[in-house]
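Accompanying notes for the structure given below.
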Amino acid sequence: MPWLMIRVLLLFYMATSPIAYGQELPNYSGKWNLNLEDSQLEAAWTEGITAGTFQIEHKDPHFALWRVFTIKGRNKKQDYQILTHGEEQKGKFRTTWSMVWQEDRLYLTVTRKGMVNTVEYYLTEQGQLVADERQTSANVNYHNHWVFDRVGE
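In this text, residue positions in the sequence shown follow our numbering: the first is 3, and each later residue adds one.
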């Protein structure tokens, strides 16, 4: 009986996924500038942020992001490359990363001993990129709703 249930659920997922309907998944490639007015930032480390840029190269299943935030006059850089197949991958600083499609949104999960950070990436009807980030740990919990405007390819 469990195998039958698994097959039914798998068939249901395949039939209702965006790919089954011929819908194209979003491509997040491009240069994106932080829209501070539309963003809602809670994390203490974001205090004093005045600018931010994402540069994304996305050709599924490859996703690469270069980020620069200007905080209190200093540039803070980060970059990562990941596959969107959902399997765990080892990252920097003893982290484990995974990225997976759920409908037309990409979900990034980063875990490290006692900490989970999730980011939901999606495009709005206005063409903005949203990176909805939540971090939970014993000491630090926050929800950052990052909004970016496309400025180029």
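Using N, Cα and C, we set each Cβ at its ideal position, and we do this for glycine too.
Starting from residue i, follow the beta strand (DSSP E) in both directions and report where the run begins and ends.
i, result
"residue 115", "No beta strand (DSSP E) holds residue 115; DSSP gives it neither H nor E."
"residue 78", "76-85"
"residue 39", "First-last for residue 39: undefined, no H or E at that position."
"residue 143", "Segment: none, residue 143 is in no beta strand (DSSP E) and carries neither H nor E."
"residue 54", "51-61"
"residue 104", "98-104"
"residue 27", "Element bounds for residue 27: n/a, residue is neither H nor E."
"residue 72", "64-73"
In chain order, what residues of the same chain lie with their CB nearer than 6 Å to the CB of residue i, ignoring the 5 residues before and after it?
i, result
"residue 74", "50"
"residue 124", "107, 132"
"residue 122", "107, 109, 134"
"residue 117", "139"
"residue 72", "52, 53"
"residue 80", "69"
Quick check on residue i: does DSSP put it in helix, strand or coil?
i, result
"residue 46", "helix"
"residue 14", "With a pLDDT of 49 at residue 14, under the threshold of 50, the modelled position of this residue cannot be trusted; read the value that follows with caution. Helix, per DSSP."
"residue 21", "For residue 21, the predicted structure reports a pLDDT of 48, less than 50, and the residue's modelled location is therefore unreliable. A value from the coordinates is still provided. Coil."
"residue 147", "strand"
Step through the CB atoms of chain B and report whether any lies within less than 8 Å of the CB of residue i.
i, result
"residue 106", "Given the protein chain composition of this structure (a single chain), no chain B is represented."
For residue i, which residues in the same chain have their Cβ closer than 8 Å to its Cβ, ignoring the five residues on either side in sequence?
i, result
"residue 194", "Here the chain has residues from 3 to 155 only, and residue 194 is not among them."
"residue 89", "100"
"residue 92", "98, 99"
State the CB to CB distance for the pair residue i and residue j, rounded to an integer number of angstroms; the pair is presumed to be in contact (CB under 8 Å).
i, j, result
"residue 153", "residue 47", "Rounded, the Cβ-Cβ distance is 24 Å, inconsistent with contact."
"residue 130", "residue 149", "5 Å"
"residue 58", "residue 31", "6 Å"
"residue 146", "residue 43", "5 Å"
"residue 85", "residue 60", "No, residue 85 and residue 60 are not in contact; Cβ-Cβ is about 11 Å, not under 8 Å."
Quick one: residues in its chain with C-beta nearer than 7 Å to the C-beta of residue i, no 5 flanking neighbours on either side, listed in chain order?
i, result
"residue 102", "86, 88, 109"
"residue 126", "132"
"residue 29", "60"
"residue 144", "44, 45, 137"
"residue 27", "20, 62, 103, 106"
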